[in-house]
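First to last, the sequence lines map onto chains A and B.
FYI, in our numbering the residues of the first sequence are 6 to 332.
FYI, in our numbering the residues of the second sequence are 14 to 447.
From the three backbone atoms N, C-alpha and C, an ideal C-beta is built for every residue, glycine too.
Report on the structure given below.
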Amino acid sequence: MQVLTIRDALNQALREELLRDENVFIMGEEVAEYDGAYKVTRGLWKEFGDKRVIDSPITELGFAGLGVGAAMAGLRPVIEFMTWNFSILAADQIINHAAKMLYMSGGEFNVPIVFRGPNGSAYQVSSQHSQALEAMYANFPGLKVVMPSSAADAKGLLKSSIRDNNPVIFMEQETMYGMKGEVPDDEDFTIPLGVADVKREGTDCTIVARSFTVPQALQAAEKIKEEFDVSVEVIDPRTIKPLDIDTIITSVKKTNRVVIAEESHSFASVGAEISHQIMENAFDYLDAPVKRVSTAEAPNPYARNLELAALPSVDKIIAAVKEVCYL
Amino acid sequence: MAEKFLMPKLSPTMEEGQISRWLKNEGDSFEAGETLAEVDTDKATMEMTALSDGTLLKIIKAGGDTAALGEAIAITGKKGEDISALLEEVSANGSAKKEEVKEVQEPKAAAETPAKASASSPASAPVPVSAQPSAAPTSASGNGRLIVSPIAARMAADNGIDLRSIAGSGPNGRIIKRDIEEALAGGQNTLSEGQRTFTASTVVGASPFRDETASRMRQVIASRLAESIGPIPTFYLTVEIEMDGVLAVRKQINDNLGDDAKISVNDIIVKAAAMSLIKHPWVNASYQDKNVRFYEQADIGVAVAIDEGLITPVVRGANLKGIAEISAEVKDLAAKAKAKKLQPEEYTGATFSISNLGMMGIKEFTAIINPPEAAIIAVGGATQTPVVRNGEIVVRSIMHVTMSCDHRIVDGATGAKFLQTFKQMLETPAMMLV
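Quick look at the structure:
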């Protein structure tokens, strides 16, 4: 099996889908000649040319709308936002058009579009560029929301997202682009949307983590095992919407304790939703209130020390696990 | 943390209470459920039991003193704690200071705290240090709720564990999965399938009813008896005893005694039981939390019916006393009981009890164990009965005795052997001299 960075796994997925289906094209700021701000589209413009890999002006609402129109006309656009922070400018196209077109056209128009880019914090990019926006998009019916945390997941899920007939919000994480992992060589390797992955099996506590917090949760689980001999299960839903709550509930019924680790702020977050669904479906199995580890309720700070203090961390996750396990 | 121990509300109409006496001295430590003091209320003399472990640091209201509801009567806490601030507060506020005290739902709490409730008294009122109607203080939050995690509640229900008997180890005393697992591992606090069905009630249609406030004594009887039959695995052994020998002996004795000193058959039964108990220590014992307490003398509780219910005054050391002495004592105690003048020490702490309904025409019945005693015998009337002796039908005075046994310490054979001795004593009264 090949070992790839998440960046290259995404690149591979894009390349394979460009090859597989001529209706697929990529559009966004600096995605073509510059190979992408984070080099996810490296080499694709050279290989596929101007018609398939298109540099857009700095007009998020414009090129997002262009993408929605193209999708309605039968193409399969992959729209890159340099970061999801900039998608806020395109929110009207995403929320009011992409998400609602199939419903409002009475089933006439599918919108098979992927919006992708890095979500959440990076290294000191300050308040406006460090936001984890999944809760906002997951709130709207009509959008699927995908957040991979490994190279294999990134590739398999992006391919499924491109092949999906609905708009997909595909959220990567800038600080994780260099993370390496094994990726199946098979060109048709895909991971279905809506299926969670048990990243580590355990019996005493469940950590539900996504994206940024998955590697942290795995480290925390390892340390807790060593220090307290407590066995932690780590579940990555991978797709936020549709959410594979069954896998989470099965785990909770086994472990009775839950920590949800997420990079977003806590209020009305995806973790709040998961916590609610656990309460609804597994209330009688809980031994402690569900605990969340989220980013501090403040605009993300620029200063490195403050940024680290605001973001979730291995230590914060360990502390939360100790709390729910009454250690 | 040291805190003020407030005069609890022990009856619905109580506004103040008089400390009858302290059972603990300053500096004494106590455990949850232990009686700290007796308080005379407008209704009755009540025992104040501790809700949690601690030490009696300072007595503010001594025996004889009266305190209003919610007034500080003592300070409790950990040994060696500095209580000067609390003392200052108490003296600064004077006796006028009352803190709100909710009424103690005494019978309910007692009924729900089976094995752990105070060992010796029919009137064990939990004391609301912070107005908690629970005798499992470590499991209850400040507002009196039992805090249980959902999975712990579910496990407890599945295993028939009384949550009030569990000390929660989570925050605010929350009972968590681990606590239930420990209880299960220890095999404690689990009731058998049969016992679990005990509290179920079957309602057939809707009947008209009227509610009358239960007397204090009725409430205590209710809670004590429910407390007994719930957690105590009871079984029953019945024996037939030929009483002709006892009747003859009684006649001989009474012929030589004055009218006011005449002994009853029951006095002889008390003596026989006491002597049998000394030969069978497992019956003269009490199942404690983790050990078995053996008593060295036979303190026999004799159930006495009075207007409002029943009470069991205790003949202390009945094994050491002569029948005439026992007889005099029983008469005295019964008279006091009927006049409601019994002191708590006169009706608590028996090691074994006897209930005799023979004089009321009952031939045979079962009695309910008075915890923490291990057994009680239910004595029926001796009736002229045709029996076969040496192949011939003869008439004998036959008395049925049924012993209720706490199976946690008294096994079938243990109980049977005790009854053999008891029967032998009564059928051959001379054995009591041996």
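- prompt: Which one or two residues does DSSP pair with residue 300 of chain B in a beta bridge?
  reply: B:305
- prompt: Between A:58, A:225, A:306, which lies nearest to residue 22 of chain A when the distance is taken from Cα to Cα?
  reply: A:58
task: Determine the chain A residues that contact residue 183 of chain B at a beta-carbon separation under 7 Å, and present them in chain order.
output: 331
field: Span separating the alpha-carbon of residue 311 of chain A from that of residue 216 of chain A
entry: 21 Å
query: Is the shortest distance between the beta-carbon of residue 164 of chain B and the beta-carbons of chain A less than 9 Å?
result: yes
task: Look up residue 264 of chain A in the DSSP assignment and give the residues it is bridged to.
output: A:212, A:296
- request: Mind checking the segment 259-289 of chain A against chain B and listing, in chain order, the residues whose C-beta falls within less than 7 Å of any C-beta there?
  value: 261, 288, 289
message: Please report the straight-line C-alpha distance between residue 339 of chain B and residue 255 of chain B, rounded to a whole angstrom.
response: 22 Å
message: Taking 9 Å as the threshold (beta carbon to beta carbon), is residue 179 of chain B in contact with chain A?
response: no
query: CA-CA distance, residue 273 of chain A and residue 144 of chain A?
result: 10 Å
query: Just to confirm, are residue 36 of chain B and residue 16 of chain B a CB contact at a threshold of 9 Å?
result: no
- prompt: With a cut-off of 9 Å, does the C-beta of residue 229 of chain B fall near any C-beta of chain A?
  reply: no
field: Anticipated Cβ contact below 8 Å, residue 163 of chain A with residue 49 of chain A, distance rounded
entry: Rounded, the Cβ-Cβ distance is 13 Å, inconsistent with contact.
message: Any contact between the segment 387-396 of chain B and the segment 409-417 of chain B? By contact I mean 3 or more CB pairs, one from each, below 8 Å.
response: yes
field: Exposure of residue 152 of chain B, with buried meaning 16 or more beta-carbon neighbours within 10 Å
entry: Here residue 152 of chain B scores only 39 on pLDDT, less than 50, and its place in the model is too uncertain to base an answer on.
query: Which chain A residues sit within Cβ distance under 7 Å of residue 190 of chain B?
result: 261, 292
query: Once you ignore the five residues that flank residue 254 of chain A on each side, which residues in its own chain have a CB closer than 6 Å to its CB?
result: 286, 287
- prompt: Which chain A residues are close to residue 167 of chain B, counting only those with a beta carbon under 8 Å from its beta carbon?
  reply: 289, 290
task: Leaving aside the five residues before and after residue 271 of chain A along the sequence, list all residues of the same chain whose C-beta is less than 6 Å from its C-beta, in chain order.
output: 297, 299
Straight-line gap, residue 84 of chain B to residue 61 of chain B (C-alpha atoms, nearest Å): 14 Å
Segment limits, beta strand (DSSP E) that includes residue 11 of chain B: With chain B represented from 14 up to 447, any question about residue 11 of chain B goes unanswered, as that position is not in the structure.
Sufficient close CB pairs (3 or more, under 8 Å) joining the segment 349-365 of chain B to the segment 394-414 of chain B: no
query: From what residue to what residue does the alpha helix (DSSP H) around residue 50 of chain A run?
result: 49-53
- prompt: Does DSSP classify residue 184 of chain B as helix, strand or coil?
  reply: helix
query: In terms of residues, what are the limits of the alpha helix (DSSP H) holding residue 167 of chain B?
result: 163-172
- prompt: Going by the CB atoms, is the gap between residue 330 of chain B and residue 350 of chain B shorter than 9 Å?
  reply: no
- request: Quick one: give me the first and last residue of the beta strand (DSSP E) that residue 278 of chain B is part of.
  value: Per DSSP, residue 278 of chain B belongs to no beta strand (DSSP E); it is in the alpha helix (DSSP H), 278-292.
- request: Using 8 Å as the cut-off, classify the Cβ of residue 273 of chain A as near or not near the heavy atoms of the ligand MG, replying yes or no.
  value: Absent from the structure shown: the ligand MG. Ligands present: none.
message: Need the endpoints of the alpha helix (DSSP H) that residue 360 of chain B sits in, please.
response: 357-360
- prompt: So the beta strand (DSSP E) residue 61 of chain B belongs to, where does it begin and stop?
  reply: 58-62
- prompt: For residue 178 of chain A versus residue 305 of chain A, is the C-beta spacing smaller than 9 Å?
  reply: no
task: Give the straight-line distance between the Cα atoms of residue 251 of chain A and residue 267 of chain A, rounded to the nearest whole angstrom.
output: 19 Å
query: Apart from the five residues just before and just after residue 262 of chain B, which ones in its own chain have a Cβ nearer than 6 Å to its Cβ?
result: 442
- request: Report buried or exposed for residue 73 of chain A, applying the criterion of at least 16 other Cβ atoms within 10 angstroms of its Cβ.
  value: buried
query: Residue range of the beta strand (DSSP E) that residue 31 of chain B falls in?
result: 29-35
task: To the nearest angstrom, report how far apart residue 29 of chain B and residue 280 of chain A are at their CA atoms.
output: 50 Å
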